[in-house]
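Chemist: Encoded as structure tokens, here's the structure I'll be asking about.
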Amino acid sequence: MNDTAKPVIQLSHISKAYQLGEIKVPALHDINLTINGGEFVAMAGPSGSGKTTLLNIIGALDDPSSGQVLVNGQDTSIFSASQKSELRRMQIGYIFQHYNLIPVLTALENTEYVLMLQGRDKSERRDIAMNLLKEVGLQGKEHHLPSQLSGGQQQRVAIARAIAPEPRLILADEPTANVDSHTAEGLLDLMEQLNQEKGSTFLFSTHDVTVMKRSHRLIWLKDGAIDYDGNPSGFSLP
Amino acid sequence: MIDLIRLAWLNTYRQKQRTAITAGTIAICTILLILLFALSQGFVTHSIENFTASYTGKLQAHGEEFRDTFDFYTEVENVEELQLAASEIGLTAAPRSFGFGLVAAGNKSAGGMFIGMDPIAEKQGFRMPGHMKAGEFVANQANAQAMIGSLLAINLEIEPGDEIIALVQAADGSMGNMLYTVAGIFAPVGDEFDRSTIMLHQADFDELFYSQGRIHQVAFNGPADTDLLAAKQALQKAAPNTEIMTWQELYVTLALMSEMMTSYMLVFALIFGLGAAIGVLNTLLMASYERLHEYGIMKAVGTTSLRLFSGTMLEGLMIGLLGSVVGGLVSLPLVIWLQDTGIDIRQWMDSMNVMGVAFDPIWRADLTLEPFIMVPAVMLFLSLLAAIYPALLVSRLNPTEAMREH
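If you read the protein sequences in the order shown, they are chains A and B. Going by my numbering, 16 is the number at position 21 of the first sequence; the sequence numbering is gapless. Going by my numbering, 14 is the number at position 8 of the second sequence; the sequence numbering is gapless.
Now the structure itself:
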């Protein structure tokens, strides 16, 4: 579905600092990074190293203090709020740490939600959502509300929602943080399968060593800067 | 648009507790406002109807300047023509005569106003015959019976069956005096009436005052929705030299007071409505704050600010519609009950007397379509108005900050 060789993410000299009263707290410092289509990348680092901030900047949920962000070749740092909304709606899939499903919608409706925002036909989006829920192993749970699903099941719905519009880029913020190791393995299998079958680019932040090892590329952040970028096998945890 | 409506409906339908609290607030405010309107409308309508139908009438005819002078010799001409014209436009005409004199019982005496009347006409057109505190209205045939105002009866220490002596100056200059049996004592009507009235059969009045059938007033009564201006013109045509006045012209201050009462109630309703709007705003705001996390997710996955604003407004509209319709439906049987049964204010006060006029002691609501359309429409409008701020708040959320809220 995508040109895998083309860069999906290009970051040039990205810095971010938060203003806390009169104090400026640096979060990211001069990040330069390119991620090509079809990559399966883990971003790790100690707490406060800037993983989530970087993920939010790439996903147009937050703005950098300086630098340029290109997503699918588009400079998002000059985007208006509505252009950012459109980018998130049309080109990026999100998987959040706390599942973040819409509580009043069923698994099926949550999966359909982004497709609905895209203005897809009702029967088309229903078919896509039903098939995806089946793929993620939630057949028979389509009409359950998030509160009626386990943590792992909710995360599977979140994955289905993220991949439903077939975005080039899927960002996942600690996708296995709130599930047990067995469920985490299952989720990773699922994401890897989607990466290989559909060519989706995955970038996820994680603390989980298993996830780091399963990734094809590891980026280690330390104090807001890239400390390591390469094959996970060549990295040893500090 | 259909998806937007469907999503708003899902949010409204599936969040039953939140919807129930907000719609319940709107419904309660709707019910209270409808009851307030119906009761205030009823108070004005029934009080005026009580006032006019008891004795005053909706219109009155007098000889020129009689109202200023109470001159015994200034009489209404063309009484028969007036009665005929009145019957043609659906009004009942009651001819009356007035004279002044003294009345005594035992060793008590007092000045009084004697009213001569036709019992049949009074019974046909007015409520006074049924407005008795004790005893009964005089018989249709003259029988030397009198009816007394409630305060005069207290002052003279008399009750039905007692005798009173009347002493007056007759129309020919002679002294007229008669002995009457008290047939009944009126329930309170108004200070002046209660303190001084002695009502007699027209024939007994004529005999006492030697009035030779002089009529000083013709009171006209009819349905509550009588077109007073048209009626006045018709009566004036029948008796061109007679002064015809509506009750509003006769009792200007009272008419003004009833209009002011309506205005006061409207102002009160407005204040109440604003209070209700603040309540609705508060519940909608609370509901929005509870859902910040959810709105954050929506925004993060690409929902536009406009869509979030529209969705929140739609939810406000749905909840407002639900609350105001439920409020309207619940208040209907309450208004019907208040119209039929009313609130008996005698348990709190003996009688309600405003500007010398005794009002109906049973406070009844007035069932009209107006509040059932106006109040829900206003509540719906207020709900939408109250939804604007939460909708703006939601649409301007920063998704990452909102998702941190739990």
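Heads up, the beta-carbon is just placed ideally off N, CA and C, and yes, glycines get one too. As the structure is a computational prediction, the values presented were derived from the model and not from experiment.
If you draw a straight line from the C-alpha of Gln92/A to the C-alpha of Ala293/B, how long is it?
Modeler: The straight-line gap from Cα to Cα measures roughly 24 Å.
Chemist: Does any residue of chain A bring its CB to less than 8 Å from the CB of Leu235/B?
Modeler: Leu235/B does not count as touching chain A.
Chemist: Closer than 8 Å, CB to CB, is Met(-4)/A near chain B or not?
Modeler: Model confidence at Met(-4)/A stands at a pLDDT of 42, short of 50, so the residue's coordinates are unreliable; what they give is reported in the following sentence. No, Met(-4)/A does not count as interfacial toward chain B.
Chemist: Within 8 Å (strictly less), CB to CB, does Arg121/A reach chain B?
Modeler: No, Arg121/A lies away from the interface with chain B (no Cβ there is under 8 Å from its Cβ).
Chemist: Which residues does DSSP pair with Asp350/B in a beta bridge?
Modeler: Ile368/B.
Chemist: Please report the residue range of the beta strand (DSSP E) in which Asp168/A lies.
Modeler: Run containing Asp168/A: Leu164 to Asp168, per the beta strand (DSSP E) assignment.
Chemist: So the candidates are Leu256/B, Ser401/B and Asn227/B; which of them puts its Cα closest to the Cα of Glu94/B?
Modeler: Checking every option, the nearest Cα to that of Glu94/B belongs to Asn227/B.
Chemist: Please determine whether the Cβ atom of Ala92/B lies at a distance below 7 Å from any heavy atom of the ligand PLP.
Modeler: Absence of the ligand PLP is noted for the structure shown, with no ligands found whatsoever.
Chemist: Quick test of the definition: if touching needs 3 or more C-beta pairs under 8 Å, does the region 27 to 35 of chain B touch the region 52 to 68 of chain A?
Modeler: Segments in contact, no.
Chemist: Between Asn95/A and chain B, is any beta-carbon pair separated by less than 8 Å?
Modeler: Yes - at least one Cβ of chain B is within 8 Å of the one on Asn95/A.
Chemist: Let me know the secondary structure DSSP gives Asn(-3)/A once reduced to three states.
Modeler: Bear in mind that a pLDDT of 44 at Asn(-3)/A, under 50, signals an unreliable position, so the number given afterwards is only what the model happens to contain. The answer is coil: DSSP assigns Asn(-3)/A none of H, G, I, E or B.
Chemist: Using DSSP's beta-bridge definition, name the partner residues of Ala220/A.
Modeler: The partner list for Ala220/A (beta bridge, DSSP) reads Lys217/A.
Chemist: How should Ala145/B be labelled, buried or exposed, when 16 other C-beta atoms within 10 angstroms of its C-beta is the threshold for buried?
Modeler: Exposed, because fewer than 16 other Cβ atoms sit within 10 Å of the Cβ of Ala145/B.
Chemist: Between which two residues does the alpha helix (DSSP H) containing Asp200/B stretch?
Modeler: Unbroken alpha helix (DSSP H) run through Asp200/B: Asp197 to Ser202.
Chemist: Hey, would you say Ala39/A sits closer than 8 Å to Leu213/A, going by beta carbons?
Modeler: Yes, Cβ-Cβ distance for Ala39/A and Leu213/A is below 8 Å.
Chemist: Give the range of the beta strand (DSSP E) segment to which Pro236/A is assigned.
Modeler: With chain A covering -4 to 233 only, the question about residue 236/A has no answer from this structure.
Chemist: Threshold first: 3 residues or longer. Then list the beta strand (DSSP E) segments lying entirely within the region 20 to 89 of chain A, N to C.
Modeler: Correct list: 35 to 39 and 61 to 66.
Chemist: Which class does Thr248/B belong to by DSSP, given the choice of helix, strand or coil?
Modeler: DSSP places Thr248/B in coil when its eight states are reduced to three.
Chemist: Determine the direct distance from the alpha carbon of Gln134/A to that of Met125/A, and round the result to whole angstroms.
Modeler: Cα-Cα distance, rounded: 8 Å.
Chemist: Would Tyr13/A pass as an interface residue toward chain B - the criterion being a Cβ-Cβ separation below 8 Å?
Modeler: Tyr13/A does not count as touching chain B.
Chemist: Distance check for Ile277/B and Tyr19/B, CA to CA, integer angstroms please.
Modeler: Each residue's alpha carbon lies about 31 Å from the other.
Chemist: The beta strand (DSSP E) that contains Tyr186/B, what's its start and end?
Modeler: Counting along the chain, the beta strand (DSSP E) containing Tyr186/B begins and ends at Met181 to Phe192.
Chemist: Going straight from the alpha carbon of Asp203/A to that of Ser44/A, what length do you get?
Modeler: Their backbone Cα atoms lie some 15 Å apart in a straight line.
Chemist: Hey, does Val99/A have any beta-carbon neighbour from chain B nearer than 8 Å?
Modeler: Cβ-Cβ to chain B under 8 Å: yes for Val99/A.
Chemist: Output, in sequence order along the chain, the residues in the region 21 to 44 of chain B whose CB is closer than 9 Å to any CB in chain A.
Modeler: Answer set for the region 21 to 44 of chain B: Gln21.
Chemist: Compile a chain-ordered list of the residues in the region 301 to 314 of chain B whose CB is closer than 9 Å to at least one CB of chain D.
Modeler: Given the protein chain composition of this structure (A and B), no chain D is represented.
Chemist: Whole angstroms are fine: how far does the CA of His138/A sit from the CA of Lys1/A?
Modeler: Rounded to the nearest angstrom, the two C-alpha atoms are 38 Å apart.
Chemist: Using a C-beta cutoff of 8 Å, does Met267/B count as contacting chain A?
Modeler: It does not: the Cβ of Met267/B has no partner Cβ on chain A nearer than 8 Å.
Chemist: Is the region 44 to 55 of chain A touching the region 8 to 23 of chain A in the sense that three or more CB pairs, one from each, lie closer than 8 Å?
Modeler: Touching, yes.
Chemist: Under 8 Å, Cβ to Cβ, is there at least one residue of chain B near Asn173/A?
Modeler: It does not: the Cβ of Asn173/A has no partner Cβ on chain B nearer than 8 Å.
Chemist: Going along the chain, which residues of its own chain have a beta-carbon closer than 8 Å to the beta-carbon of Asn27/A, five neighbours each way excluded?
Modeler: Here the set comprises Leu6, Ser7, His8, Ile9 and Ile221.
Chemist: Measuring only between beta-carbons, confirm whether Leu320/B sits less than 8 Å from chain A.
Modeler: Judged by the 8 Å Cβ criterion, Leu320/B is not in contact with chain A.
Chemist: Ends of the beta strand (DSSP E) at Met267/B?
Modeler: No beta strand (DSSP E) contains Met267/B, which is instead part of the alpha helix (DSSP H) from Val258 to Glu296.
Chemist: Thinking C-alpha only, which one of Thr309/B, Asp200/B, Ile221/B and Val50/B is nearest His207/B?
Modeler: Minimum Cα distance to His207/B is reached at Ile221/B.
Chemist: Should the region 38 to 53 of chain B be called in touch with the region 266 to 273 of chain B, which here means at least 3 C-beta pairs below 8 Å?
Modeler: Taking 8 Å as the limit for Cβ pairs, the verdict is that the region 266 to 273 of chain B does touch the region 38 to 53 of chain B.
Chemist: Ile90/A and Leu242/A - do their beta-carbons sit closer together than 8 Å?
Modeler: Nothing can be reported for residue 242/A: it is not among the residues displayed for chain A, which extend from -4 to 233.
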